[in-house]
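Heads up: take any position in the sequence shown, counting from 1, add 10, and you land on the working numbering.
No residue lacks a Cβ here, since even glycine has one placed at the ideal position from N, Cα and C.
One structure below.
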Amino acid sequence: MSGSAHWNAMYEKPPEEIPWEIETAPRDLSDLVENKIVLPGRALDLGCGTGHYSMYLAEHGFDVTGVDFSENALASARKEAAKRALAITFLQGDVRGLTAMFPEPFDFILEYSLLHHISPDDLPPYTAQLPSLLAPQGKLLLVCYSEKDEAATGQNSRSGKYGNAMYYRTADEIRKAHSGLQELQYGETRLGKRRQHAGHFFLFQRKAGTT
Numbered sequence: 011m012s013g014s015a016h017w018n019a020m021y022e023k024p025p026e027e028i029p030w031e032i033e034t035a036p037r038d039l040s041d042l043v044e045n046k047i048v049l050p051g052r053a054l055d056l057g058c059g060t061g062h063y064s065m066y067l068a069e070h071g072f073d074v075t076g077v078d079f080s081e082n083a084l085a086s087a088r089k090e091a092a093k094r095a096l097a098i099t100f101l102q103g104d105v106r107g108l109t110a111m112f113p114e115p116f117d118f119i120l121e122y123s124l125l126h127h128i129s130p131d132d133l134p135p136y137t138a139q140l141p142s143l144l145a146p147q148g149k150l151l152l153v154c155y156s157e158k159d160e161a162a163t164g165q166n167s168r169s170g171k172y173g174n175a176m177y178y179r180t181a182d183e184i185r186k187a188h189s190g191l192q193e194l195q196y197g198e199t200r201l202g203k204r205r206q207h208a209g210h211f212f213l214f215q216r217k218a219g220t221t
């Protein structure tokens with residue numbers, strides 16, 4: 011997983027040059043919220059960037075905390091949230107150390123376009139945190155690139171356009187990595203400004219009886 015210096019440099023670019031800088035909430039998220047499959051509560055937006063999806067959740071009644079590696083991204087997020095009078099907590103942090111950051115669980119975790127940046131070595135400890143971060147019946151929306159993405163060219167990893175490593179996983183690999191959670195929904199989806207990337211959509215829930 012690339013470090014904070016890499017992501018800070020990315021957020022020095024104009025928004026139109028950042029491929030994941032998309033203001034409108036994706037349908038994968040908005041359908042869950044607006045169809046009341048995910049209800050307002052404490053929400054955690056992992057890899058929140060400049061906070062567009064955090065702000066969408068806040069505008070729909072969620073108490074939102076956003077986490078990102080890049081302080082440059084978070085500065086923009088805080089400025090825009092203040093302009094909209096939205097009370098969102100934006101924190102600089104490493105998603106591989108979430109349990110130390112958050113002693114209290116969340117009702118909803120959004121992990122959009124993040125998992126394909128997590129290395130194979132970091133994946134088990136990262137996903138092991140998630141059950142304890144969710145409240146009873148808490149839900150996790152996970153959307154990431156799939157092995158079917160054209161850019162993968164049949165490989166399970168490659169160096170991305172901006173120099174960061176990208177990891178392309180199958181649905182079954184993601185299921186195995188998240189075996190501590192209950193799968194509620196799965197589907198194929200598209201990501202990117204032009205919806206040019208093939209992706210996975212998962213809705214997970216904390217398993218009953220887990221601590």
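| Check | Outcome |
| --- | --- |
| Simplified DSSP assignment, three categories, for residue 130 | coil |
| Presumed contact (8 Å Cβ cut-off) between residue 177 and residue 126, rounded CB distance | 5 Å |
| Buried versus exposed call for residue 203 [16 or more other C-beta atoms within 10 Å across all chains shown] | exposed |
| Member of 23, 133, 38, 144 whose CA lies at the smallest distance from the CA of residue 119 | 144 |
| Closest Cα partner of residue 72 within the set 198, 116, 34, 184 | 116 |
| Contact between the stretch 134-141 and the stretch 105-112 (3+ Cβ pairs under 8 Å) | yes |
| Contacting residues, own chain, Cβ-Cβ under 8 Å from residue 33 (five flanking each side not counted) | 62 |
| Span separating the alpha-carbon of residue 96 from that of residue 50 | 15 Å |
| Euclidean distance between Cα positions of residue 180 and residue 46 | 28 Å |
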